[in-house]
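Notes to accompany the following structure.
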RNA sequence: CGGGGAAUGGCGCAGUUUGGCAGCGCGCACGGUUUGGGACCGUGAGGUCCCGGGUUCAAAUCCCGGUUCCCCGACCA
């Protein structure tokens, strides 16, 4: 009586099943939009809070900007408008009257923030400006999928302005590192940091960096981006400052974002045929207590012990839930596995008598993951177990990814490799090369990883000598 | 936006070919027996058959138009 399609049978269907059955999200009555339900939102909040902490720790502040952007703003940066106009939602009527100037619903906020920065920045003393915004944006996508690609999506967008390119470049890399650390340390998702190829970079950026992850079906997911905008937006919006030498100079700006797509990554990287497997650090419920009893007198004794364990765990800072629903234990075991709760505490009459509990871990399914331990010191034991599970999930994901990346040196090898994983291939950073490979293999240039083994190769398409290899894979 | 599939109670589906009482499993409510890996019996609630038109004595079923979802392509966080 499985509620889920198996991953091997149909990964895409499995993904949708998990989202529904684990109560993460529901479809909204609007094309391509989803409703995030409390359990899913709680997971997003946990991820968001960790990321927000990292932003604050690197000197950034949060602020809010309008969701409506005058069309003329988007038109000011040529590449930017070219990239985004096909997916804009535009408001033409307000208060029952035709608007003089249509307003785009923000697809991203570089332009309106650039406009504001131009007013705020006058002197080198005003720099750097380090602002982040948590908001939602709208992009009219043709093909949508919960969390991975929705018409409206929630994310954060950081926007900074600096006096020199040296500073702005540092910022771009700093935030890429923040994303990679968040993915690794909190979401247990190993990522590869890299530079986007010319054809894949953000509309209006000089260069774009991303973190790329491998999902459970060996497809790639771009999980966050960090852009070096050069002086493009500073020029378009007149973001200038008076330097120490009393000359006016253009600022250098950056932008960087991570969306709730990362939540999709957590599902697809860790999930198994029983459902979600959540890393303890971000799990809405870290431990669930399942009481087991046959009759009223057993119930009284078991519930008393369960309550006491609940209080202890909670006071030790563990996000714990006591499942007192009128369901059989077996049902609850499966239910919480589906929802990805990392640790399960089972307590029955025998445990009450022995002063023990049965401890089950989600990352090791079935009875293999179960052990019987004393109630004394349970909170400490569970806290340690969280760390084991957290690092275990990361390790599993890393092993899986590394086992599915092949270094190739010919086009034929690349074609074969991307049928079942990633390929690391020497290529020229040339849109024509990207396009040809995509056309013929369906795989795209994910990035030129920052960590490169030094060497000289021949581009597998053009035969030209190259010093870098790029990661290719089929992508979401 | 192009090609293919689908939409029937909360979920999964049958019924559509050949028009004729809207059904099944799970879930839900209540009562009882159960409870250490998805319990069982009984009773019951729950439906604009995706939406809008049309044909017909009669439409879930046939015709026209639209919407949404899934899969495959082109665009993207």
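In our numbering, the protein residues as written are 68 to 543. Ideal Cβ placement from N, Cα and C applies to all residues, glycine included.
* Using DSSP bridges, identify the partner residues of residue 199. => DSSP lists 129 and 225 as partners of residue 199.
In this structure, does DSSP put residue 454 in helix, strand or coil?
Judged by DSSP in its simplified three-state form, residue 454 adopts helix.
Can you have a look at residue 223 and say buried or exposed, based on whether 16 or more other CB atoms are within 10 angstroms of its CB? Buried, because 16 or more other Cβ atoms sit within 10 Å of the Cβ of residue 223.
Exercise for the section: Taking only the alpha-carbon atoms, compute the straight-line gap between residue 386 and residue 78 and give it to the nearest angstrom. Expected result: Taking the Cα positions, residue 386 is about 30 angstroms away from residue 78.
- Could you give the uninterrupted runs of the beta strand (DSSP E) lying entirely in the stretch 79 to 160, keeping only those of 3 residues or more? Counting only runs of 3 or more, we get 92 to 94, 101 to 103 and 135 to 137.
Residue 403 - partner residues in DSSP beta bridges: When DSSP reads this structure, residue 403 sits in no beta bridge, so it has no partner.
How would you write the range of the beta strand (DSSP E) that residue 438 sits in, first residue to last? Note, residue 438: beta strand (DSSP E), 437 to 441.
Check: With a CB to CB cut of under 8 angstroms and the five nearest residues on each side skipped, what residues in its chain are close to residue 241?
Finding: Contacts found: 125.
Suppose contacts are defined by Cβ-Cβ distances below 8 angstroms. Is residue 215 in contact with residue 543 by that definition?
Cβ atoms of residue 215 and residue 543: closer than 8 angstroms.
>> Measuring alpha carbon to alpha carbon, tell me which residue in 515, 518, 447 and 540 is nearest residue 481.
In response: Here the closest residue by C-alpha is 540.
* Asked: Cα-Cα, which of 144, 282 and 186 is closest to residue 194?
  -> Measuring from the Cα of residue 194, the nearest candidate turns out to be 186.
Closest Cα partner of residue 168 within the set 192, 200, 384 and 137: Check the Cα spacing between residue 168 and each of 192, 200, 384 and 137: the tightest is with 137.
Can you give the beta carbon distance from residue 412 to residue 376, rounded, assuming they're within the 8 angstroms contact cut? With a beta-carbon spacing of about 6 angstroms, residue 412 and residue 376 fall inside the 8 angstroms limit used to define contacts.
Out of 229, 535, 502 and 204, state which residue places its alpha-carbon closest to the alpha-carbon of residue 181.
Cα-wise, what sits closest to residue 181 is 229.
- Message: Please classify residue 85 as buried or exposed, where buried requires at least 16 other C-beta atoms within 10 Å of its C-beta.
- Response: Under this definition residue 85 is a buried residue.
### Query
Residues in its own chain within less than 6 angstroms of residue 118 by CB, not counting five upstream and five downstream?
Contacts found: 249.
Which residue comes first and which comes last in the beta strand (DSSP E) that contains residue 413? Taken as a continuous stretch (DSSP letters only), the beta strand (DSSP E) holding residue 413 covers 410 to 414.
Open item on the list: With DSSP as the reference, identify every bridge partner of residue 428, one or two as the case may be.
Closed with: Answer is 410.
Residues in its own chain within less than 7 angstroms of residue 302 by CB, not counting five upstream and five downstream?
Spatial neighbours of residue 302 in its own chain (CB-CB distance under 7 angstroms, excluding positions within 5 residues in sequence) are listed in chain order as 317.
#### Entry: Nearest-angstrom Cβ-Cβ length linking residue 514 and residue 261, presumed shorter than 8 angstroms
Between residue 514 and residue 261, the beta carbon gap of about 3 angstroms places them in contact (Cβ cut-off 8 angstroms).
| field | Backbone secondary structure at residue 176 - three-state DSSP | value | In this structure, residue 176 counts as coil in the three-state DSSP scheme.
I need the boundaries of the alpha helix (DSSP H) containing residue 285, first residue and last residue. Residue 285 -> no alpha helix (DSSP H), and no H or E assigned at all.
| query | Unbroken beta strand (DSSP E) runs of length 3 or more, entirely within the stretch 247 to 326: which are they? | reply | Annotation: the stretch 247 to 326 contains the following complete segments of the beta strand (DSSP E) (minimum length 3 residues), in chain order: 259 to 262, 274 to 281, 287 to 295, 307 to 309, 315 to 317 and 319 to 326.
- prompt: What's the C-alpha gap between residue 322 and residue 429?
  reply: When rounded, the separation of the alpha-carbon atoms in residue 322 and residue 429 is 37 angstroms.
Check your understanding: So is residue 68 buried or exposed if we call it buried at 16+ other beta carbons inside 10 Å?
Key -> Confidence at residue 68 is low in this model, with a pLDDT of 44, below 50, so the placement of that residue is unreliable and no value is reported for it.
Figure out for me which residue from 399, 205, 156 and 488 has the closest Cα to the Cα of residue 358. Residue 399 is the option with its Cα nearest to residue 358.
6 angstroms Cβ shell around residue 355 - same chain, five flanking residues per side excluded: Scanning its chain for C-beta atoms nearer than 6 angstroms, with the 5 sequence neighbours on each side dropped, one finds around residue 355 the residues 388, 390, 403, 408 and 411, in chain order.
Measuring CA to CA, which of 470, 108, 365 and 477 is closest to residue 221?
Checked all of 470, 108, 365 and 477; the closest Cα to residue 221 is 108.
Local conformation of residue 510 per DSSP, three classes: Residue 510 falls in the coil class under three-state DSSP.
- What residues are listed by DSSP as bridge partners for residue 220? Per DSSP, the beta-bridge partners of residue 220 are 204.
If you run the structure through DSSP and keep just helix, strand and coil, what is residue 469?
Residue state for residue 469 is assigned as helix, using DSSP reduced to three classes.
Query raised in the report: Since residue 205 contacts residue 172 with CB under 8 angstroms, what's their CB separation in whole angstroms?
Result: For a cut-off of 8 angstroms, the C-beta gap from residue 205 to residue 172 is around 4 angstroms, short enough to register as a contact.
- Mind reading off the beta-carbon distance from residue 102 to residue 93? Whole number of angstroms is fine, and I expect it under 8 angstroms. Contact between residue 102 and residue 93 is confirmed by a C-beta separation of about 5 angstroms, below the 8 angstroms threshold.
With DSSP run on the structure shown, which of helix, strand or coil describes residue 356?
-> DSSP, read as helix, strand or coil, puts residue 356 in strand.
According to DSSP, simplified to helix, strand and coil, what is residue 379? Helix.
Out of curiosity, what's the CA-to-CA distance linking residue 347 and residue 535?
-> Taking the straight line from one Cα to the other gives about 37 angstroms.
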